[in-house]
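Working notes, structure below.
There are 2 protein chains.
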Amino acid sequence: MNYPHATEPLLRRLRATVAIDREDEQAIRQLPMTFKRVNGGETIVATGDRPSACCLIIDGFMMRSKVVDKDRRQILAFHQPGDIPDLQSLYLHVLDHDVITLGESLLGFIPHAPLRDVVRRRPTLAEAFWRDTLIDAAIFREWICNVGQRQASSRLAHLILELYTRLKVIGQAKNGAFNFPATQTILSEAIGTTPIHVNRVVQELRSSGAADFERGKITVLDQARLEAMTDFDPLYLHLSPAL
Amino acid sequence: MNYPHATEPLLRRLRATVAIDREDEQAIRQLPMTFKRVNGGETIVATGDRPSACCLIIDGFMMRSKVVDKDRRQILAFHQPGDIPDLQSLYLHVLDHDVITLGESLLGFIPHAPLRDVVRRRPTLAEAFWRDTLIDAAIFREWICNVGQRQASSRLAHLILELYTRLKVIGQAKNGAFNFPATQTILSEAIGTTPIHVNRVVQELRSSGAADFERGKITVLDQARLEAMTDFDPLYLHLSPAL
DNA sequence: CGCTTCATTGAAACGTTTCAACGCTAGTGG
DNA sequence: CCACTAGCGTTGAAACGTTTCAATGAAGCG
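Keeping their order, the protein sequence lines are chains A and B. The numbering used here puts the first sequence at residues 826 to 1068. The numbering used here puts the second sequence at residues 826 to 1068.
Set out below in structure tokens:
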């Protein structure tokens, strides 16, 4: 099993972030990687683990989550192709949350040692990776606001706009629609409500013509209307490297 | 105005994080820095700013916050001496939130250029700073859980335990009590509730003998009882560098 | 002293949760 | 081919935690 283009989504991201040269690109391409195709709902690394490799999403989606009070779960982030959801494990050795596939996904595992080595040898790449983890944190901050201040319908609208914006960047959203292998329960765990209430909000979005949700697929029907339901400012995604 | 020991809290943190050598220490000590003593409630950098220096807390407290939907505010983090709350501005050039002093504080401003230079020249320091921003992110994640899944009383208990744990590390909490120049309104903005409800929760904590709050001072009266009100696991603070 | 800020209280309104039930769809095995 | 199962989506009604509004008290300060 070999995937010569496995690092392409990652390289595209890095290129969009900083000015990397040919040698940087080579360093990334030459990273050793083992591949794994996994089903949805598989826990790849869990709270308490001390992983010795990072996980690159080549295709598919992942989420990070934490168990709260034994029986509740909060989703912390959704990740897409090109992301390394557990990049932090390079320097924070014990994982404080779970990393789980959302749908069937193709993952590449890069051992810590060579990755750490690249980061030491190539400061530009270090910067790009560091920046990635900083954007991660910026998104966490926005999620604190989402869950802390907004009403349920505003939260869901915000989440949809975030997913839509990020997926457009990698060309995975076509005229408003994108695949997103989540159930309403998963959405509820991301926005800190109950699945029952998410269901009612989804119906609200549907009947207002703002957006639609079917199993595994979200459609932005009327972006302006969605935006009117929340206060989405994409600044926090830091999509442009100048920002 | 000069403070020869300004970098000491920072150095203590770095030393606790990675094995830094004499040269690393020198590099930190020689960083140019301008000092500023400011009142509480002062916005040091704001959303949309492009700061050209980072802000080191030498003495006092700061918070980071975001305005949601024009008239609500969510507090994202509290910072203490030795922290650089806007370290991220080194690589994310436009600020996506506000950084504000909590009480009267002494701040040191380190221009980006020399700081970036140190980080390029000294990979060990880069690692330590990077790790710091990763811990920041880990705390954000826990806050998402706090605000997303827990009831108000559990949230406040969790916040108090977090502050207490972090302040003990720098020796700023003595037999359960620590200074924390916040109002109940500020606490409410941190845990995503109303000040009225925080007041009721504070009374609950008081009458149960778990903790007390007076203007600017929090006292942990019975840590076990506080812990019984929430599910606080300090793993996410990554206090030990081995973790 | 009056002003301002913060803490406190009460009561009604509200958004969301909880519980329980039911329908739909796809997959499985008899 | 149908019965059965499992997971997900949907609905209704009552309960609950928190918000909102409005008012009062206490403390600090020019």
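Glycine is no exception: its CB is placed at the ideal position from the N, C-alpha and C atoms.
Asked, Found
"Inter-stretch contact (C-beta, 8 Å, three-pair minimum) for the stretch 1038-1045 of chain A and the stretch 938-954 of chain A", "no"
"Three-state secondary structure (DSSP) of asparagine 864 of chain A", "coil"
"Buried versus exposed, by CB contacts within 10 Å (16 or more), serine 1013 of chain B", "buried"
"Proximity below 8 Å, CB of phenylalanine 886 of chain B to CB of glycine 933 of chain B", "no"
"Near-chain B residues of the stretch 963-990 of chain A - C-beta to any C-beta below 8 Å", "Ala963, Phe965, Arg966, Glu967, Trp968, Ile969, Cys970, Val972, Gly973, Gln974, Arg975, Ser979"
"Within chain B, partners of glycine 1034 of chain A - CB distance below 8 Å", "In chain order: nothing, as chain B lies at least about 22 Å away."
"Below-8 Å beta-carbon distance, leucine 917 of chain B vs any chain A residue", "yes"
"Interface positions of the stretch 997-1016 of chain B facing chain A (Cβ-Cβ less than 7 Å), listed along the chain", "none"
"Contact with chain A by alanine 1067 of chain B, beta-carbon distance below 8 Å", "yes"
"Same chain only: Cβ atoms within 6 Å of threonine 1018 of chain A, ignoring 5 sequence neighbours per side", "Ala977"
"Simplified DSSP state of glycine 996 of chain A, which is helix, strand or coil", "coil"
"Cβ separation of serine 930 of chain B and valine 863 of chain B, assumed to be a contact under 8 Å, to the nearest whole Å", "6 Å"
"Closest residue to alanine 852 of chain B among B:Glu833, B:Ile869, B:Ser1033, B:Asp894 (Cα-Cα distance)", "B:Glu833"
"Where alanine 1002 of chain B falls: helix, strand or coil (DSSP)", "strand"
"Cut-off 8 Å between Cβ atoms - residues of its own chain near phenylalanine 860 of chain A, not counting five sequence neighbours on either side", "Met826, Asn827, Tyr828, Ala831, Ile883, Leu931, Leu932, Gly933, Phe934"
"Cβ-Cβ separation, glycine 866 of chain A to threonine 949 of chain A (assumed contact under 8 Å), whole Å", "Actually they are not in contact, since the Cβ atoms of threonine 949 of chain A and glycine 866 of chain A sit about 37 Å apart, beyond 8 Å."
"Any C-beta of chain A under 8 Å from that of lysine 891 of chain B", "yes"
"Beta carbon of serine 890 of chain A nearer than 8 Å to that of leucine 901 of chain A", "yes"
"Minimum Cβ-Cβ distance from alanine 1049 of chain A to chain B less than 8 Å", "no"
"Other residues of its chain near histidine 904 of chain B: CB distance less than 8 Å, five sequence neighbours each side excluded", "Ile882, Phe886, Met887, Met888, Arg889, Pro910"
"Cβ pair count under 8 Å reaching 3, the stretch 980-999 of chain A against the stretch 993-1003 of chain B", "no"
"Within-8 Å CB hit, aspartate 884 of chain B to chain A", "no"
"8 Å Cβ cutoff met for tyrosine 1061 of chain A and aspartate 921 of chain B", "yes"
"Nearest neighbour of proline 939 of chain A, chosen from A:Pro857, A:Asp1056, A:Asp1037 [CA to CA]", "A:Pro857"
"Whether leucine 1051 of chain A touches leucine 986 of chain A by CB criterion (8 Å)", "yes"
"Option nearest aspartate 1037 of chain B by Cα separation, candidates B:Gln1009, B:Ser877, B:Val892", "B:Gln1009"
"Exposed unless 16 or more other CB atoms sit within 10 angstroms - verdict on glutamate 1039 of chain A", "exposed"
"Outcome for isoleucine 1021 of chain A when other beta-carbon atoms lying within 10 angstroms are tallied against a minimum of 16", "exposed"
"Other residues of its chain near phenylalanine 965 of chain B: CB distance less than 8 Å, five sequence neighbours each side excluded", "Leu901, Ala902"
"Three-state secondary structure assigned by DSSP to phenylalanine 965 of chain B", "helix"
"Aspartate 846 of chain B burial status per 10 Å Cβ neighbour count (16 or more: buried)", "exposed"
"Beta carbon proximity, aspartate 908 of chain B to chain A, threshold 8 Å", "no"
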